[in-house]
Amino acid sequence: MKVLITGSRDTAPEMIEKAIEIVFWCRDHGHEIICGDASGVDTHVVETADLLGVPITVVGSYKMRVRTLKGKNMPMSMSYLGRDEWMARLADRVIAVWNGYSGGTRYTFMSGLKFHKPTFVIDFSLPKEKRQENWNED
């Protein structure tokens, strides 16, 4: 399964912990990761996937800002929103680690819904007990 992990640039430590937890879950279940090339969540996903040997494709828009050392780097000649939509179309599942206001992350998970992909939004602007945490159910 190809899992798109998307997330906000402006992050709190607990958001990074959640992103890393998702990478471990992907490794343990034999899933591939698709990720963007932004700072914040994306950077931690790429670094952790490389460290754990999880297959990853990092998709950039124009110039790659974050690169994988062990997976595939795919610079795309399109806008960031076009790239985000393309990643959602390619994925089998979309998991968003969201700060509650990042427009790019919102656009990406809305694209997952648009393409009828199982889409899970872990919204860190909500109290912990109200966050969607069923992202790891197969």
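All residue numbers for the sequence shown refer to our numbering, where the first residue is 31 and numbers rise by one.
Don't be surprised by glycine CBs; every beta carbon is placed ideally from N, CA and C.
Remember, it's a predicted structure, so these values are computed and weren't measured experimentally.
| Query | Result |
| --- | --- |
| Endpoints, beta strand (DSSP E) assigned at K32 | 32 to 37 |
| Runs of beta strand (DSSP E) lying entirely within the segment 65 to 124, each at least 3 residues, in chain order | 86 to 91, 102 to 106 |
| Within 9 Å, strictly: CB atoms of M31 and G66 | no |
| Separation of E167 from A152, as counted between CA atoms | Reading off the sequence shown, one finds Ile at residue 152, where the question assumed Ala. So the two alpha carbons sit approximately 14 Å from each other. |
| Inter-residue CB distance, L82 and R57 (contact presumed, cutoff 8 Å) | 5 Å |
| T149, DSSP secondary structure in three states | strand |
| Nearest-angstrom beta carbon gap, N129 and T36 [assumed within contact, 8 Å] | At roughly 12 Å, the Cβ-Cβ gap does not stay under 8 Å, so T36 and N129 are not in contact. |
| Nearest neighbour of S69, chosen from H59, G90, K100, P148 [CA to CA] | G90 |
| Beta-bridge partners of E159, as assigned by DSSP | Per DSSP, none; premise fails for E159. |
| Beta-carbon gap between Y137 and D114 smaller than 9 Å | yes |
| In DSSP terms, what A126 is bridged to | T36, V151 |
| Element boundaries [alpha helix (DSSP H), containing H61] | No alpha helix (DSSP H) contains H61, which DSSP labels as neither H nor E. |
| C-alpha gap between T135 and S38, whole angstroms | 6 Å |
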